[in-house]
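Asks: This is the structure I have questions about; it appears just below.
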Amino acid sequence: MAFTSAQSGENYRNWWPHPAMVAFTNRSIDLLEEIAKDSNNRINMNRRGYALATRDSNIDPLLSQLHDGLGDQADALIRFHTGDTADSYARFDKPDWDGVPDGVDIVQNKTLIKDRFPGYDPDIQSIIHIRRGGDISGQQLGMYMLEYLKSVGVTRLTGDVKAISRQNGYTVELETSDGMQTVQADVLVNAAGPFASQIAKMIGVELPVYNTFQQKIAFEDREGAIPRTLPFSIDLDGQHIDWSDEEREMLLETPEFAWLAQDMPGSIHCRPDGGDNGKWVKLGWAYNEKPEIASTELPLDDNFPDIVLRGAARLNPALKVYYGQLPRSMHHYGGWYTMTEENWPLIGAMGPPGAFMNCAMSGFGTMAACASGELCAAIVADAELPDYATEFSLDRYKDEDLMSTLKAANKGVL
Ligand SMILES: Cc1cc2nc3c(=O)[nH]c(=O)nc-3n(C[C@H](O)[C@H](O)[C@H](O)COP(=O)(O)OP(=O)(O)OC[C@H]3O[C@@H](n4cnc5c(N)ncnc54)[C@H](O)[C@@H]3O)c2cc1C
């Protein structure tokens, strides 16, 4: 919880273009729901879904991705709504995660869209509403787990791993607040997030991972621009950011900033934050694809708040009220997406005997934490494994068919 996990948008979804990721995130959400039940929903789990909005009425590519992910169940799980009203399109006024439909509602009627999403850009033609999605408190999830571990007697030692040597197991050199310490271990699990490849190198392993820096903003929505009941909303369409003509000209004249006045990708997202009685909103846009060496100093871009605000205002025009006047208490933050090229995690044996990894969690590590921890623990303990175990291990790189399918597929980066 000290590094990337503390910067997470804390959203979850079972929407992925491949059945392995669907099964994996479904399992993780099952476990999150169990924790929510056991803890009187201490993790503030809610479930208003992910609303994917587009100005296109042809959504065939998306439908085909949904079919790829849902497999045989797709026809039973996808519901189309084309009339002005639809009783079968379950409402999302309440935050409850329990008793909410699974599957996907596809809404392609402007009157119905206006009724359920009155604040959206009136040009929206189609909404693909993924129902098993929402957000949780990652911080509370981490505390819940730490408290459990403490209660069963786990010892926690905090420090920087400086070196690892292998001889009758592993010797880990740790720099702690009390000076250098050595830990002898039979089993090593590399869960070092953006620094996973550095840890792997200490025992001579190269991991196929890289880091890109992603940012978000959160601010108090004093003007009430975003309804508290809005699902996690994603504008799927690429766009030109809404600059004034003068701003656009200035940007185009400066080579360093010209890209901001040109084509920008889709998938900007917005959601209310802090519950139904809260006032904050979160905006994010993972447009950066540049691999970088991860550092603890985070390269926040001062222009990001304005960029993401103007981008998000395209789907939610009421956000325009904040142009040039984002509240001073705005929180601008970010972290590294540590990812493989195919955007799948790496969980399992890392090479030398006794060395394991649980990393490359990209933009899905909060939602996947429970299932990835469960899978990694089962591998270490040599217990029964779920079907997706091989697919998330290094063995997947031996499966040429799978790798070429993944290369050609949408990667699900948000
Ligand atoms: C802006 C942003 C938004 C995101 N939004 C979402 C979201 O909405 N939903 C979602 O599911 N996921 C989201 N994610 C992804 C999620 O946050 C990450 O996938 C997840 O937090 C990764 O967890 P981790 O434990 O692998 O890494 P980290 O949380 O970074 O943990 C790694 C730990 O290893 C420690 N470490 C590293 N090197 C060493 C060393 N040498 N010695 C000792 N300790 C070391 C670090 O200090 C750190 O505590 C988002 C990520 C970002 C950056």
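For what it's worth, the numbering used here labels the leading residue of the sequence shown as 435, then goes sequentially. Even glycine gets a Cβ: it sits at the ideal position worked out from N, Cα and C.
Report whether the distance from the Cβ of V595 to the nearest heavy atom of ligand 1 is below 7 Å.
Replies: Position 161 of the sequence shown holds residue 595. Yes, Cβ of V595 sits closer than 7 Å to a heavy atom of ligand 1.
Asks: Run through DSSP, which three-state label would V586 get?
Replies: Taking the sequence shown and counting its residues from 1, the one referred to as residue 586 is at position 152. V586 falls in the coil class under three-state DSSP.
Asks: When DSSP builds the beta bridges, which residues end up paired with K544?
Replies: On the sequence shown, position 110 is the one that residue 544 refers to. According to DSSP, K544 bridges with nothing at all.
Asks: With a threshold of 16 other CB atoms inside 10 Å of the CB of S560, please say whether the residue is buried or exposed.
Replies: Numbered from its first residue, the sequence shown carries residue 560 at position 126. When all chains shown are included, S560 counts as buried.
Asks: Under 7 Å from any heavy atom of ligand 1, does the C-beta of T793 make it?
Replies: Taking the sequence shown and counting its residues from 1, the one referred to as residue 793 is at position 359. It should be pointed out that residue 793 corresponds to Cys in this sequence rather than to Thr. Yes - ligand 1 has a heavy atom lying nearer than 7 Å to the Cβ of C793.
Asks: With DSSP as the reference, please indicate the residues paired to P786 in a beta bridge.
Replies: Residue numbering aside, residue 786 sits at position 352 when the sequence shown is read from its first letter. DSSP output for P786 lists no bridge partner at all.
Asks: For D676, which of helix, strand or coil comes out of DSSP?
Replies: Position 242 of the sequence shown, counted from the start, is the residue given in the question as residue 676. Here D676 sits in coil by DSSP.
Asks: Which residues does DSSP list as the beta-bridge partners of V669?
Replies: Counting from one through the sequence shown, the residue named residue 669 turns up at place 235. Here residue 669 turns out to be Asp, not Val, going by the sequence shown. Looking at the DSSP assignment, D669 forms a beta bridge with A487 and I702.
Asks: Quick one: Cα of K584 to Cα of W770, how far?
Replies: Numbered from its first residue, the sequence shown carries residue 584 at position 150. Numbered from its first residue, the sequence shown carries residue 770 at position 336. Taking the straight line from one Cα to the other gives about 29 Å.
Asks: I need the straight-line Cα distance from A811 to M837, nearest angstrom please.
Replies: Indexing the sequence shown from 1 puts residue 811 at position 377. Indexing the sequence shown from 1 puts residue 837 at position 403. Distance between the alpha carbons of A811 and M837 is about 25 Å.
Asks: Compute every distance between the C-beta of S599 and the non-hydrogen atoms of ligand 2, then say whether any falls below 7 Å.
Replies: Absence of ligand 2 is noted for the structure shown, with ligand 1 being the only ligands found.
Asks: According to DSSP, which residues form a beta bridge with I562?
Replies: Mapped onto the sequence shown, residue 562 falls at position 128. Note: I562 sits in a beta bridge opposite L486 and I540.
Asks: If you draw a straight line from the alpha carbon of D518 to that of F551, how long is it in whole angstroms?
Replies: Translated into the one-based positions of the sequence shown, residue 518 becomes position 84. Translated into the one-based positions of the sequence shown, residue 551 becomes position 117. Going from the Cα of D518 to the Cα of F551 covers about 13 Å.
Asks: Tell me whether M791 sits in a helix, a strand or coil according to DSSP, three-state version.
Replies: The count along the sequence shown starts at 1 and reaches residue 791 at position 357. Three-state DSSP puts M791 in a strand.
Asks: Let's see if you can read the secondary structure: which residues bound the alpha helix (DSSP H) around H452?
Replies: To locate residue 452, count along the sequence shown from 1; it is residue 18. Careful: H452 lies outside any alpha helix (DSSP H) and carries neither H nor E.
Asks: Using a 10 Å radius around the Cβ and a threshold of 16 neighbouring Cβ atoms, would you call K832 buried or exposed?
Replies: Translated into the one-based positions of the sequence shown, residue 832 becomes position 398. So K832 ends up on the exposed side.
Asks: Short check: CB of A728 to CB of N645, under 8 Å?
Replies: In the sequence shown, residue 728 corresponds to position 294, counting from 1. In the sequence shown, residue 645 corresponds to position 211, counting from 1. Yes, they are a contact pair.
Asks: Buried or exposed for P665, please, with buried defined as at least 16 other CB atoms from any protein chain shown within 10 angstroms of its CB.
Replies: For the purposes of this step, residue 665 is identified with residue 231 of the sequence shown, where counting begins at 1. P665 is buried by the Cβ-count criterion.
Asks: Starting from V623, trace the beta strand (DSSP E) both ways and give me its first and last residue.
Replies: The residue labelled residue 623 in the question sits at position 189 within the sequence shown. It spans L622 to N624 - the beta strand (DSSP E) in which V623 sits, taken as one unbroken run.
Asks: For P761, which residues of its own chain have a beta-carbon under 8 Å away from its beta-carbon, when the five flanking residues on both sides are left out?
Replies: Here residue 761 refers to the residue found at position 327 of the sequence shown. The answer, listed in chain order, is F653, E654 and R656.
Asks: Return the CA-CA distance between D530 and R566, expressed in angstroms with no decimal places.
Replies: Counting from one through the sequence shown, the residue named residue 530 turns up at place 96. Counting from one through the sequence shown, the residue named residue 566 turns up at place 132. Cα-Cα distance, rounded: 11 Å.
Asks: Taking 8 Å as the cut-off, decide whether the C-beta atoms of T438 and R447 are in contact.
Replies: In the sequence shown, counting from the first residue as 1, residue 438 sits at position 4. In the sequence shown, counting from the first residue as 1, residue 447 sits at position 13. Result no, Cβ atoms of T438 and R447 do not sit closer than 8 Å.
Asks: Taking all protein chains shown into account, do 16 or more other C-beta atoms lie within 10 angstroms of the C-beta of M698, making it buried, or fewer, making it exposed?
Replies: As a position in the sequence shown, residue 698 is number 264, starting the count at 1. The residue in question, M698, is buried, as its Cβ has 16 or more Cβ neighbours within 10 Å.
Asks: Does the distance between the C-beta of L526 and the nearest non-hydrogen atom of ligand 1 fall short of 7 Å?
Replies: If you number the sequence shown from 1, residue 526 lands on position 92. Before going further, note that residue 526 is Phe rather than Leu in the sequence given. No, the Cβ of F526 stays beyond 7 Å of every heavy atom of ligand 1.
Asks: So is the beta-carbon of Q649 under 7 Å away from any non-hydrogen atom of ligand 1?
Replies: Start at 1 with the first residue of the sequence shown, and residue 649 comes out as number 215. Q649 Cβ: within cutoff of ligand 1.
Asks: Leaving out five residues on either side along the sequence, give the residues of the same chain with a beta carbon under 8 Å from the beta carbon of G412.
Replies: Since the displayed the chain opens at 435 and closes at 848, residue 412 lies outside it and no answer follows.
Asks: DSSP on L840, reduced to helix/strand/coil?
Replies: Reading the sequence shown from its first residue, position 406 is the one you call residue 840. Note: L840 maps to helix in three-state DSSP.
Asks: So, at 7 Å on beta carbons, what are the nonlocal neighbours of S571 in its own chain, with the 5 sequence-adjacent residues on each side left out?
Replies: Taking the first residue of the sequence shown as position 1, residue 571 is located at position 137. So the list reads E444, I477 and N478, once near-sequence residues are dropped.
Asks: Rounded C-beta distance between T772 and S796? I'm assuming under 8 Å.
Replies: For the purposes of this step, residue 772 is taken as the residue at position 338 of the sequence shown. For the purposes of this step, residue 796 is taken as the residue at position 362 of the sequence shown. Rounded, the Cβ-Cβ distance is 7 Å, consistent with contact.
Asks: By the three-class DSSP mapping on this structure, what secondary structure does T772 have?
Replies: The residue labelled residue 772 in the question sits at position 338 within the sequence shown. Reduced to three states, the DSSP call for T772 is strand.
Asks: Could you compute how far the alpha carbon of P661 sits from the alpha carbon of L622?
Replies: Locating residue 661 in the sequence shown gives position 227, counting from the first residue. Locating residue 622 in the sequence shown gives position 188, counting from the first residue. When rounded, the distance between both Cα atoms is 46 Å.
Asks: Please determine whether the Cβ atom of P739 lies at a distance below 7 Å from any heavy atom of ligand 1.
Replies: Residue 739 sits at position 305 when you count from the first residue of the sequence shown. Not so, every heavy atom of ligand 1 lies at least 7 Å from the Cβ.
Asks: So I781 packs on A746, CB below 8 Å; how close in whole Å?
Replies: In the sequence shown, residue 781 corresponds to position 347, counting from 1. In the sequence shown, residue 746 corresponds to position 312, counting from 1. Rounded, the Cβ-Cβ distance is 33 Å, inconsistent with contact.
Asks: Is it the case that the CB of Q441 approaches a heavy atom of ligand 1 more closely than 7 Å?
Replies: As a first step, residue 441 must be located in the sequence shown, where it is residue number 7. Yes, the Cβ of Q441 comes within 7 Å of a heavy atom of ligand 1.
Asks: What does the Cβ neighbour count give for Y582, buried or exposed, with the cut at 16 atoms within 10 Å?
Replies: The sequence position of residue 582 within the sequence shown is 148, counting from 1. Y582 comes out exposed.
Asks: How about P665: is its Cβ closer than 7 Å to a heavy atom in ligand 1?
Replies: For the purposes of this step, residue 665 is taken as residue 231 along the sequence shown, with counting starting at 1. No.
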